[in-house]
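Novice: In terms of numbering that gives the first Met the number 0, the sequence shown is residues 0 to 175. Note that CB positions come from ideal geometry on N, CA and C, so glycine has one too. Starting off with a structure, shown below.
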Amino acid sequence: MTMELPEALDLPVREARMRALRDDDWVLDRDLSRVPDVPRWTYYPADLSAERAREWVAHSLAVRADRRGGRFVVEVGGAPVGTVGITLRPDGPSVYYAFLPAGRGGGLATESVRAVARWALADGAPHVDARTMVDNVPSERVLERAGFRRRGLDVGPDGVQLTCWRLARDRQPTKQ
Ligand SMILES: CC(C)(COP(=O)(O)OP(=O)(O)OC[C@H]1O[C@@H](n2cnc3c(N)ncnc32)[C@H](O)[C@@H]1OP(=O)(O)O)[C@@H](O)C(=O)NCCC(=O)NCCS
Numbered sequence: 000m001t002m003e004l005p006e007a008l009d010l011p012v013r014e015a016r017m018r019a020l021r022d023d024d025w026v027l028d029r030d031l032s033r034v035p036d037v038p039r040w041t042y043y044p045a046d047l048s049a050e051r052a053r054e055w056v057a058h059s060l061a062v063r064a065d066r067r068g069g070r071f072v073v074e075v076g077g078a079p080v081g082t083v084g085i086t087l088r089p090d091g092p093s094v095y096y097a098f099l100p101a102g103r104g105g106g107l108a109t110e111s112v113r114a115v116a117r118w119a120l121a122d123g124a125p126h127v128d129a130r131t132m133v134d135n136v137p138s139e140r141v142l143e144r145a146g147f148r149r150r151g152l153d154v155g156p157d158g159v160q161l162t163c164w165r166l167a168r169d170r171q172p173t174k175q
C-alpha cells in the first residue's frame, strides 16, 4: 500500500489554505517545538535547533517521496500556523497534527484534520486512525468534531498510554 499526497487541500476557512510541507518549513517546526504543549503531547522534541528542525523536515519530505505519507502546512494569510501529517501504519493511515497558539481556537485544526481524513478516504483507505496521549483533551475534541470514534487504549513504544481513534469510510466527517 502506498499513498501519493496532493500538493494542496481546500479548507473552508477564510484566508486559510493547506499545502505540502516545504524545505523552508523548518522555521514552523522550530517554533512548534517551543510551544510547551507540543512536545508534551506529540513526538516533537522540545526546543529544536535550526539544524535539527531542518532534519525533522527532511525526514517528513523523505516519507512523502517514498509515498508512505507526509505532512501539510496550514497557512492563514500566508503565515504558517500549524501542520497536519498522515502516515501509513501497518493497519492503515493515521493522522497527527500540531498548531501554534496563533492558529488555535477557531476550528482550523478540526477543519484541517477533516480535510486530510476525507482525502485519505476518497483515495481508497477504508478508515483513518489517530492516537492521542491520555488526557490530551483539546486533541480529543478535534477528533470528535471531525467524526472520529474512540476504539480503546494502547501503550506507545515509550510506555505512554494512548487512546486509539478511527474514522471509518461509512462515517464521513460532517460539517458542524
Ligand atoms: C490539538 C490542537 C491542534 C487543538 O487546537 P484547537 O485550536 O483547540 O482546535 P480547533 O482548531 O479545532 O479549534 C477548536 C476551538 O475553536 C472553537 N471554534 C471556533 N470556531 C470553530 C469552528 N468553526 N469549528 C470548530 N471549532 C471552532 C471551538 O469551540 C474550540 O474551542 P474550545 O476548545 O474552547 O471549545 C492544539 O491544542 C495543539 O496543537 N496542541 C498541541 C499538539 C497536540 O496535542 N497535537 C495532537 C497530538 S494527538
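(1) Between methionine 132 and ligand 1, is there a pair consisting of the residue's CB and a ligand heavy atom that are separated by less than 8 Å?
(2) To the nearest angstrom, report how far apart alanine 7 and phenylalanine 147 are at their CA atoms.
(3) Shorter than 8 Å, the distance from the beta carbon of valine 72 to the closest heavy atom of ligand 1, or not?
(4) To the nearest whole angstrom, what separates the beta carbons of alanine 116 and leucine 166, a pair I think is in contact under 8 Å?
(5) Excluding the 5 residues flanking proline 11 on each side, which residues of the same chain have their C-beta closer than 7 Å to its C-beta?
(6) Give me the residue from Gly105, Asn135, Val72 with the minimum Cα distance to isoleucine 85.
(7) Taking 8 Å as the limit between beta carbons, can you name the residues of its chain near threonine 131, skipping five residues before and five after?
(8) Once you ignore the five residues that flank aspartate 22 on each side, which residues in its own chain have a CB closer than 7 Å to its CB?
(9) From alanine 119 to valine 26, what distance separates their C-alpha atoms?
(10) Taking the straight line between their C-alpha atoms, what separation do you get for aspartate 28 and aspartate 169?
(11) Output yes or no for whether 9 Å exceeds the beta carbon distance between proline 92 and alanine 124.
(12) What does the alpha-carbon distance come out to for the pair arginine 150 and aspartate 134?
(13) Quick check on the burial criterion: 16 or more other C-beta atoms within 10 angstroms. Buried or exposed for leucine 47?
Specialist: This is what the structure holds:
(1) As a first step, residue 132 is located in the sequence shown; it is residue number 133 there, counting from the start. The answer is yes for methionine 132.
(2) Indexing the sequence shown from 1 puts residue 7 at position 8. Indexing the sequence shown from 1 puts residue 147 at position 148. One C-alpha to the other measures close to 23 Å.
(3) For the purposes of this step, residue 72 is taken as the residue at position 73 of the sequence shown. Outside the cutoff, so no.
(4) Residue mapping note: residue 116 aligns to position 117 of the sequence shown, counting from 1. Residue mapping note: residue 166 aligns to position 167 of the sequence shown, counting from 1. At roughly 5 Å, the Cβ-Cβ gap stays under 8 Å, so alanine 116 and leucine 166 are in contact.
(5) Position 12 of the sequence shown, counted from the start, is the residue given in the question as residue 11. Result list for proline 11: Glu110, in chain order.
(6) Taking the first residue of the sequence shown as position 1, residue 85 is located at position 86. When each option's Cα is compared against that of isoleucine 85, the closest is Val72.
(7) By one-based count along the sequence shown, residue 131 stands at place 132. Trp40, Ser138, Glu139, Leu142, Leu161, Thr162, Trp164, listed in sequence order.
(8) Position 23 of the sequence shown holds residue 22. The residues Val56, in chain order, have a CB closer than 7 Å to that of aspartate 22 in the same chain once the five nearest residues on each side in sequence are set aside.
(9) By one-based count along the sequence shown, residue 119 stands at place 120. By one-based count along the sequence shown, residue 26 stands at place 27. C-alpha separation (whole angstroms): 27 Å.
(10) Looking up residue 28 in the sequence shown gives position 29. Looking up residue 169 in the sequence shown gives position 170. Cα to Cα, aspartate 28 sits roughly 34 Å from aspartate 169.
(11) Position 93 of the sequence shown, counted from the start, is the residue given in the question as residue 92. Position 125 of the sequence shown, counted from the start, is the residue given in the question as residue 124. Cβ distance < 9 Å, so proline 92 and alanine 124 count as in contact.
(12) Your numbering for residue 150 matches position 151 in the sequence shown. Your numbering for residue 134 matches position 135 in the sequence shown. Take the alpha-carbon of arginine 150 and the one of aspartate 134: they are about 16 Å apart.
(13) Counting from 1 along the sequence shown, the entry for residue 47 is found at position 48. Classification of leucine 47: buried, given that the 10 Å Cβ count is 16 or more.
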